[in-house]
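So the sequence shown is numbered by the working numbering: it starts at 20 and just counts up by one.
Quick notes on the structure that follows.
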Amino acid sequence: MPHLLVQLSDTHIRAPGELAYGRIDTAAYLRAAVLAVLRLPQQPLAVVLTGDLADDGSAAAYTHLRSLLEPLTCPLYVLPGNHDDRAALRRAFSDQPTLHHASIEDHIQYEVELPGLRLLTLDTVVPEASHGALCLQRLNWLDMQLALHPNMPTLLAMHHPPFETYLGSMDRVGLLHGAVELAAVVARHPQVQRIVCGHLHRSSQALWAGTLVQTAPSTAHQVWLSLARDGGNGWGLEPPGFLLHAWNNGLDLVSHLAFSRLAEGPYLFRG
Numbered sequence: 020m021p022h023l024l025v026q027l028s029d030t031h032i033r034a035p036g037e038l039a040y041g042r043i044d045t046a047a048y049l050r051a052a053v054l055a056v057l058r059l060p061q062q063p064l065a066v067v068l069t070g071d072l073a074d075d076g077s078a079a080a081y082t083h084l085r086s087l088l089e090p091l092t093c094p095l096y097v098l099p100g101n102h103d104d105r106a107a108l109r110r111a112f113s114d115q116p117t118l119h120h121a122s123i124e125d126h127i128q129y130e131v132e133l134p135g136l137r138l139l140t141l142d143t144v145v146p147e148a149s150h151g152a153l154c155l156q157r158l159n160w161l162d163m164q165l166a167l168h169p170n171m172p173t174l175l176a177m178h179h180p181p182f183e184t185y186l187g188s189m190d191r192v193g194l195l196h197g198a199v200e201l202a203a204v205v206a207r208h209p210q211v212q213r214i215v216c217g218h219l220h221r222s223s224q225a226l227w228a229g230t231l232v233q234t235a236p237s238t239a240h241q242v243w244l245s246l247a248r249d250g251g252n253g254w255g256l257e258p259p260g261f262l263l264h265a266w267n268n269g270l271d272l273v274s275h276l277a278f279s280r281l282a283e284g285p286y287l288f289r290g
């Protein structure tokens, strides 16, 4: 069977009893996502959470998040989004050594070695802003890490997607600085098999800088699908889900969109 890496994103957890936007029970949605992961016929090697883990960056929200993730027995790898607070995130996950190795200044960037695949995280957060950016320090770190293992297939995880999504309102708070420079780094290192992101609250894919970039849906609410100039300026309660990345010893990295809701079935095609 292939190796599995689950990607959860944009959980937007608040303190117990609080609702996102006064209406969305993000905790209940995350419980459903965790149960969906536990129902998988094969458990993942790890779960990566690609930002906006807390809705307001509060200590109470991160404590609540940890309790909701507790049923997962595999390693958790977290990175921040624009709703997160790096210091509070580190305190809440104080037992995670990856969060306490400051690769550059205070940014949360680290590497994880999985069987046949290397995971690198990029921190795109701009404090007190919704958009993302990658400064020269963060990009140089990535370039150096990729140069160290040129033959190791690599998956990059970051919050803000680097490509234009045609959801106008979301693109205006996308990766506004550093995308061109990131493309140059990625193009120099063909071992980058995939870039996985959050932020968009939708599943989407784009060929970019010689690789495939994917965004994960939110485990809770989704950004409303409209490709108009001001599209994406709102949310809806479409079916939530997550991404499942699978690969074998020869790599062949394949990604599946999974939904959190317990579905009817399976019904066999043949008895």
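All residues carry an ideal CB built from backbone N, CA and C; glycine is no exception.
Review point. Is the number of C-beta pairs between the stretch 218-230 and the stretch 102-114 that are closer than 8 Å three or more?
Key: No, because fewer than three Cβ pairs between the stretch 218-230 and the stretch 102-114 fall closer than 8 Å, the two stretches do not touch.
Practice item. Note down, in chain order, each residue of its chain lying with its Cβ closer than 8 Å to the Cβ of histidine 83, except the 5 sequence neighbours on either side. Key: Result list for histidine 83: Ile32, Arg33, Ala34, Pro35, Ala46, in chain order.
Review point. Ordered along the chain, which non-local residues of its own chain (more than five positions away) have a Cβ less than 8 Å from that of arginine 248?
Key: Spatial neighbours of arginine 248 in its own chain (CB-CB distance under 8 Å, excluding positions within 5 residues in sequence) are listed in chain order as Gly187.
**Study point:** Check whether proline 172 and glutamine 210 have beta carbons under 8 Å apart
**Key:** Between proline 172 and glutamine 210, the CB-CB gap stays under 8 Å.
Check your understanding: Touching or not, the stretch 89-99 and the stretch 49-64, by the rule of three or more beta carbon pairs under 8 Å?
Key -> The stretch 89-99, when compared against the stretch 49-64, does touch it at the 8 Å Cβ threshold.
Practice item. Name the two residues that bound the continuous beta strand (DSSP E) containing asparagine 267. Key: Secondary structure note for asparagine 267: its beta strand (DSSP E) is the uninterrupted segment 260-267.
Exercise for review: Starting from leucine 201, follow the alpha helix (DSSP H) in both directions and report where the run begins and ends.
Suggested key: First-last of the alpha helix (DSSP H) with leucine 201: 198-207.
Review point. Quick one: what's glutamate 132 bridged to in DSSP?
Key: Arg137.
Review point. Is the beta carbon of valine 144 less than 8 Å from the beta carbon of histidine 196?
Key: No, Cβ-Cβ distance for valine 144 and histidine 196 is not below 8 Å.
Practice item. State the CB to CB distance for the pair phenylalanine 278 and proline 258, rounded to an integer number of angstroms; the pair is presumed to be in contact (CB under 8 Å). Key: Right, their Cβ atoms sit about 5 Å apart.
Practice item. Please classify threonine 238: does DSSP put it in a helix, a strand, or coil? Key: In the structure shown, threonine 238 sits in coil (DSSP, three-state: anything other than H, G, I, E or B).
Review point. Who are the near neighbours of arginine 213 in its chain, counting only those whose CB is closer than 8 Å to its CB and skipping five residues on each side?
Key: Once the five neighbours on either side are set aside, the close Cβ partners of arginine 213 are Leu174, Leu175, Thr230, Leu231, Val232, Gln233, His264, Leu272, Ser274.
Exercise for review: Give every residue of the same chain whose Cβ lies closer than 7 Å to the Cβ of arginine 157, excluding the five residues on either side of it in the sequence, and list them in chain order.
Suggested key: Here arginine 157 has Ile123, His126, Gln128, Leu141, Asp142 as same chain residues with Cβ atoms under 7 Å from its own Cβ, once five neighbours each way along the sequence are excluded.
Check your understanding: How long is the line joining the alpha carbons of leucine 57 and valine 25, rounded to whole angstroms?
Key -> So the alpha carbons of these two residues sit roughly 11 Å apart.
Check your understanding: Hey, leucine 139 and valine 97 are a contact pair by Cβ (cut 8 Å); roughly how many whole angstroms apart?
Key -> About 14 Å separates the CB atoms of leucine 139 and valine 97; that is not less than 8 Å, and the two are not in contact.
Point to revise | C-beta atoms of arginine 109 and histidine 119 nearer than 8 Å | key: The beta carbons of arginine 109 and histidine 119 sit closer together than 8 Å.
Practice item. For asparagine 252, I'd like the list of residues in its chain whose CB is within less than 7 Å of its CB, leaving aside the five on either flank, ordered along the chain. Key: Only Ser188 meet the Cβ criterion.
**Study point:** Beta-carbon proximity of valine 205 to histidine 150, cut-off 8 Å
**Key:** In this structure, histidine 150 does not lie closer than 8 Å to valine 205 by Cβ.
Exercise for review: Count the other CB atoms, across all protein chains shown, that sit within 10 Å of the CB of valine 199; report buried if there are 16 or more and exposed otherwise.
Suggested key: Valine 199 should be labelled exposed.
Check your understanding: Does the Cβ-Cβ distance between glycine 70 and aspartate 29 come in under 8 Å?
Key -> A contact, by the Cβ cut-off of 8 Å.
Point to revise | Where aspartate 114 falls, given that 16 or more other Cβ within 10 Å makes a residue buried | key: The residue in question, aspartate 114, is exposed, as its Cβ has fewer than 16 Cβ neighbours within 10 Å.
Practice item. Please report how far the alpha carbon of asparagine 159 lies from the alpha carbon of valine 131, in whole angstroms. Key: Spanning the two alpha carbons is a distance of roughly 18 Å.
**Study point:** Three-state class that DSSP yields for valine 192 in the structure shown
**Key:** Coil.
Check your understanding: With respect to the beta strand (DSSP E) encompassing histidine 275, which residues constitute its N-terminal and C-terminal limits?
Key -> Taken as a continuous stretch (DSSP letters only), the beta strand (DSSP E) holding histidine 275 covers 270-278.
Review point. Between which two residues does the beta strand (DSSP E) harbouring arginine 50 extend?
Key: Looking at the DSSP string, arginine 50 is not in any beta strand (DSSP E); the run it does join, the alpha helix (DSSP H), is 45-58.
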